[in-house]
Amino acid sequence: LLRAIFGEKASDVRDTSLRLPPGVSGTIVEVRVFSRRGVDKDERALAIERAEIERLAKDRDDERAILERSFAARLGELLINQIAVSGPKGLKSGTKLTAAVLGDYTLGQWRQITIRNDKRMADIEALKKQMDDAVSELVARFESKVEKLQRGDELPPGVMKQVKVFVAVKRKLQPGDKMAGRHGNKGVISRIMPIEDMPYLEDGTPVDIVLNPLGVPSRMNVGQILETHLGWASHGLGLRIGEVLEGVRRTGGSDRRLRQMLGQIYEGPERSQIDALAEDELVELADSLREGVPMASPVFDGAREEDIVAMLQRAGLASSGQVTLVDGRTGEPFDRKVTVGYIYMLKLHHLVDDKIHARSIGPYSLVTQQPLGGKAQFGGQRFGEMEVWALEAYGAAYTLQEMLTVKSDDVSGRTKVYEAIVRGDDNFEAGIPESFNVLVKELRSLGLNVELEQR
Numbered sequence: 005l006l007r008a009i010f011g012e013k014a015s016d017v018r019d020t021s022l023r024l025p026p027g028v029s030g031t032i033v034e035v036r037v038f039s040r041r042g043v044d045k046d047e048r049a050l051a052i053e054r055a056e057i058e059r060l061a062k063d064r065d066d067e068r069a070i071l072e073r074s075f076a077a078r079l080g081e082l083l084i085n086q087i088a089v090s091g092p093k094g095l096k097s098g099t100k101l102t103a104a105v106l107g108d109y110t111l112g113q114w115r116q117i118t119i120r121n122d123k124r125m126a127d128i129e130a131l132k133k134q135m136d137d138a139v140s141e142l143v144a145r146f147e148s149k150v151e152k153l154q155r156g157d158e159l160p161p162g163v164m165k166q167v168k169v170f171v172a173v174k175r176k177l178q179p180g181d182k183m184a185g186r187h188g189n190k191g192v193i194s195r196i197m198p199i200e201d202m203p204y205l206e207d208g209t210p211v212d213i214v215l216n217p218l219g220v221p222s223r224m225n226v227g228q229i230l231e232t233h234l235g236w237a238s239h240g241l242g243l244r245i246g247e248v249l250e251g252v253r254r255t256g257g258s259d260r261r262l263r264q265m266l267g268q269i270y271e272g273p274e275r276s277q278i279d280a281l282a283e284d285e286l287v288e289l290a291d292s293l294r295e296g297v298p299m300a301s302p303v304f305d306g307a308r309e310e311d312i313v314a315m316l317q318r319a320g321l322a323s324s325g326q327v328t329l330v331d332g333r334t335g336e337p338f339d340r341k342v343t344v345g346y347i348y349m350l351k352l353h354h355l356v357d358d359k360i361h362a363r364s365i366g367p368y369s370l371v372t373q374q375p376l377g378g379k380a381q382f383g384g385q386r387f388g389e390m391e392v393w394a395l396e397a398y399g400a401a402y403t404l405q406e407m408l409t410v411k412s413d414d415v416s417g418r419t420k421v422y423e424a425i426v427r428g429d430d431n432f433e434a435g436i437p438e439s440f441n442v443l444v445k446e447l448r449s450l451g452l453n454v455e456l457e458q459r
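The sequence shown begins at 5 in the numbering used here and counts up one residue at a time.
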């Protein structure tokens with residue numbers, strides 16, 4: 005096709021379009037075409053611009069309709085049962101403004117009505133001014149956005165047009181992804197198990213996530229334990245409320261037991277509010293608490309240990325907050341009781357798909373001739389001081405020599421290794437690392453002539 009279009013000059017034409025990396029697939033959610041100011045836009049850019057203007061106009065009209073509805077409701081409240089002094093054609097002076105009378109006129113005609121009550125009239129004038137200001141601000145905002153769309157874009161020198169394609173990629177959680185709670189308790193997923201292999205409670209409910217207990221003592225972030233206990237108590241109370249509520253609905257009896265239970269949970273000023281609730285309001289409140297009772301534990305007024313123990317006991321749970329868990333793979337209970345509860349965990353933007361990286365050969369630093377670092381530069385893995393100590397401790401001298409020479413900055417040694425691999429031979433010699441030559445040059449810059457003697 006290129007040859008058909010460009011003829012003999014096709015060899016000079018290259019396709020420099022950006023493409024997604026291999027293995028990446030997603031859904032295109034938006035396409036934006038940016039054109040330099042003063043350059044005529046093509047049909048695609050104009051179509052996208054028209055669609056965007058239509059969307060902005062729809063948003064403006066929707067917002068205006070909401071404003072007008074609110075204005076009409078407020079103006080109607082101010083005019084109702086007032087005596088008209090003047091107004092649109094057909095409205096006589098002295099007429100009492102009822103809903104039926106106002107229904108004969110449009111919103112625009114309501115604005116013309118004046119009434120006897122001066123204070124009420126001042127409120128109406130203030131409301132009309134507020135409405136006019138809101139509408140003019142809305143129109144100005146719309147026109148500003150349209151003008152910004154149509155005036156073109158600031159692009160780098162030499163760039164006439166730029167197309168941005170936004171691709172949404174769905175990433176499922178996998179081993180290596182990072183998660184965290186609300187207390188600095190971050191960590192990496194080590195394994196994802198089938199739900200039938202997860203530990204489960206005595207009633208058969210499987211747990212969602214298992215955290216290593218060693219992550220608590222040394223870091224001293226015991227807030228996660230507090231959150232676990234509060235979440236466990238909250239859920240247990242919700243289940244108890246649900247049971248009592250089902251009993252009330254099934255028998256159609258008195259709500260006394262439900263009111264009593266909610267009164268025990270909510271002590272203090274909330275208790276009197278619960279006592280004042282009607283039966284249907286009480287049932288509605290209980291229904292909203294079935295998934296768990298909301299709790300707060302502020303910094304200087306947090307829940308004390310005895311408060312948590314009391315809540316756990318009211319929920320019919322062990323006061324330690326621990327339960328017997330059963331191993332999903334063997335069916336045997338664990339030796340010790342385990343702390344179980346409900347906590348908030350979120351996925352952090354440190355996904356293994358973005359970090360996984362492997363290098364055989366690649367770019368090298370100009371000065372030291374050592375491999376560059378980082379995934380973006382297709383760099384190597386740093387073999388640091390402590391890793392050197394580890395290999396020394398194991399007595400792995402040859403492996404260490406490779407690491408410090410041919411796999412790093414021994415330029416001639418790299419070539420010899422390649423030649424040995426091509427020959428099918430596994431013998432090679434390591435030379436002097438380039439970093440040693442850099443050190444010698446730096447010493448010479450200080451006036452110290454360091455020379456190597458061959459012996």
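Backbone N, C-alpha and C define an ideal beta-carbon position, used for all residues, glycine too.
Out of Thr99, Leu82, Gly80 and Glu81, the CA that lies nearest to the CA of Val89 is found in Thr99.
Inside the segment 319-391, DSSP marks whole alpha helix (DSSP H) runs of 4 or more residues at positions 356-359, from first to last along the chain. Collapsing the DSSP output to three states places Gly185 in coil. Burial check for Arg36: the Cβ neighbour count within 10 Å stays below 16, so the residue is exposed.
Two segments are said to touch when three or more pairs of C-beta atoms, one from each, lie closer than 8 Å; by this definition the segment 227-235 touches the segment 184-193. Assignment of Asp291 by DSSP, reduced to helix, strand and coil, places it in the helix class.
The alpha carbon of Arg386 has as its nearest neighbour, out of Val371, Met407 and Leu370, the alpha carbon of Met407. A Cβ-Cβ contact shorter than 7 Å links Leu329 with Pro203. Glu129 and Glu58 have their C-alpha atoms spaced approximately 33 Å apart.
Taking a contact to require three or more Cβ pairs closer than 8 Å, the segment 161-179 and the segment 305-315 do not qualify as touching. Contact between Gly156 and Arg41 holds, with the beta-carbon distance rounding to 3 Å and staying under 8 Å.
The alpha-carbon separation between Glu455 and Val444 amounts to approximately 8 Å. Distance from the CA atom of Arg253 to the CA atom of Glu247, rounded to whole angstroms, is 10 Å.
Within the segment 6-78, complete beta strand (DSSP E) segments of at least 3 residues are found at 31-39, given in chain order. Lys149 and Leu71 do not touch by the CB rule: their CB atoms are close to 18 Å apart, not below 8 Å. CA-to-CA, the gap between Ile245 and Gly335 works out to about 31 Å.
When the alpha-carbon of Arg78 is set against those of Arg115, Asp259 and Tyr270, the nearest one is in Arg115.
A Cβ-Cβ contact shorter than 7 Å links Gly325 with Trp236. Here Asp311 carries a helix assignment [DSSP, helix/strand/coil]. In this structure, Leu101 is the residue among Leu355, Ile269 and Leu101 with its C-alpha nearest to the C-alpha of Asn85. In the structure shown, the three-state DSSP call for Gly191 is strand. Distances from the CA of Phe432 to each of Val442, Asn441, Lys132 and Lys420 were compared; the closest alpha carbon is that of Lys420.
In the DSSP assignment, Ser416 falls within the alpha helix (DSSP H) that extends over Val415 to Arg427.
Ranking Lys351, Ser97, Gly377 and Leu142 by CA distance to the CA of Thr118 puts Ser97 first.
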